[in-house]
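J.:
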Amino acid sequence: MLEIRGIDVSYGDTQVIRDLSLEVRKGEVVALIGANGAGKSTTLKTISGLLRARKGEILFEGTPVHKAEAYKLIGMGLSLCPEARRLFVEMTVDENLDMGSLKGEAKRQRQRTKEAVFGLFPRLKERRRQIAGTLSGGEQQMAAIGRGLMSLPKLLMFDEPSLGLAPILVREIFDIIKKIREDGTTVLIVEQNVKQSLAAADRAYVLETGRLVMQGTGEALLSNEHVRTAYLGV
920 MLEIRGIDVS
930 YGDTQVIRDL
940 SLEVRKGEVV
950 ALIGANGAGK
960 STTLKTISGL
970 LRARKGEILF
980 EGTPVHKAEA
990 YKLIGMGLSL
1000 CPEARRLFVE
1010 MTVDENLDMG
1020 SLKGEAKRQR
1030 QRTKEAVFGL
1040 FPRLKERRRQ
1050 IAGTLSGGEQ
1060 QMAAIGRGLM
1070 SLPKLLMFDE
1080 PSLGLAPILV
1090 REIFDIIKKI
1100 REDGTTVLIV
1110 EQNVKQSLAA
1120 ADRAYVLETG
1130 RLVMQGTGEA
1140 LLSNEHVRTA
1150 YLGV
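Its first residue numbered 920, the sequence shown is counted upward by one per residue in our numbering.
#1: Helix, strand or coil, according to DSSP, for residue 1065 in the structure here?
#2: Along the chain, where does the beta strand (DSSP E) that runs through residue 1010 open and close?
#3: Can you give, in chain order, each stretch of the beta strand (DSSP E) that sits fully within the region 1072–1144 and has at least 3 residues?
#4: Closest to residue 1142 by C-alpha separation, out of 1117, 1127 and 1128, would be which residue?
#5: So for residue 1049, helix, strand or coil by DSSP?
#6: Rounded to the nearest angstrom, how far is the Cβ of residue 1020 from that of residue 989, given a contact under 8 Å?
#7: Sort 1083, 959 and 1071 by Cα distance to residue 994 and report the nearest one.
#8: Since I believe residue 1047 is in contact with residue 1008 (beta carbons under 8 Å), could you give me their beta-carbon distance rounded to a whole number of angstroms?
#9: Identify which residue in 971, 1133, 981 and 1136 has its Cα closest to the Cα of residue 931.
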């Protein structure tokens, strides 16, 4: 579904991603793990069209997309739930969800998709008229995920979905991610909670200082000595 071929990404003169290649197959949950500053969020922003690769290609369902505008990628089925939620904090939950379905089939299916989102997150239905900035952190993350789902994504990318959440809410968010995959949406996740993300992932990649250093199944990397020492504190 998604194929990255040898991309380099820089911020000005500072190179952040070096010759990165990876793939996400249809129906998978794939995790991208690494320390702070390894280039994980930069990778998601580049896939999403928010940054441009200086070298290499990105293909989505066989179509080159590394030069496409971000709004066109959303229409193709690529959606990003960004770090720190990035909700429209002065708008209601309902209005935030609507912002995820502004065009095409997503707009036509808006009410049906919204009911599906409320099925995943009953608390959002209870708070649909509430201003998003007044929600708890967990509820804001639910709204951000819901907004991502409103675009009818084929591939939904998560950037640090558990950031700042209590452990019980972290488990709930990962349960929702599993349910999203079961409902037919492919998932690519960047997450500091390495244990949870590897446990949820079919496959995973390890980034260190912008380079891919390891890959394998989530289960295999959970038991890998280097991963356990570097990222799980074991």
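Think of the CB as a built atom: it goes at the ideal place given N, C-alpha and C, for glycine as much as any other residue. As the structure is a computational prediction, the values presented were derived from the model and not from experiment.
T.: Short version:
#1: For the purposes of this step, residue 1065 is taken as residue 146 along the sequence shown, with counting starting at 1. The DSSP-derived three-state label of residue 1065 is helix.
#2: Here residue 1010 is taken as the residue at index 91 of the sequence shown, counted from 1. Here residue 1010 belongs to no beta strand (DSSP E), and DSSP marks it neither H nor E.
#3: The region 1072–1144 contains, as complete beta strand (DSSP E) runs of 3+ residues, the segments 1074–1078, 1105–1109, 1122–1127 and 1130–1136 (chain order).
#4: Taking the sequence shown and counting its residues from 1, the one referred to as residue 1142 is at position 223. Check the Cα spacing between residue 1142 and each of 1117, 1127 and 1128: the tightest is with 1117.
#5: Translated into the one-based positions of the sequence shown, residue 1049 becomes position 130. Here residue 1049 sits in coil by DSSP.
#6: For the purposes of this step, residue 1020 is identified with residue 101 of the sequence shown, where counting begins at 1. For the purposes of this step, residue 989 is identified with residue 70 of the sequence shown, where counting begins at 1. Between residue 1020 and residue 989, the beta carbon gap of about 16 Å keeps them out of contact (Cβ cut-off 8 Å).
#7: The residue you call residue 994 lines up with position 75 of the sequence shown. Nearest C-alpha to residue 994: 1071.
#8: The sequence position of residue 1008 within the sequence shown is 89, counting from 1. The sequence position of residue 1047 within the sequence shown is 128, counting from 1. For residue 1008 against residue 1047, the beta-carbon gap comes to about 16 Å, at or over 8 Å, which does not count as contact.
#9: Taking the sequence shown and counting its residues from 1, the one referred to as residue 931 is at position 12. Taking only the C-alpha atoms, the option nearest residue 931 is 971.
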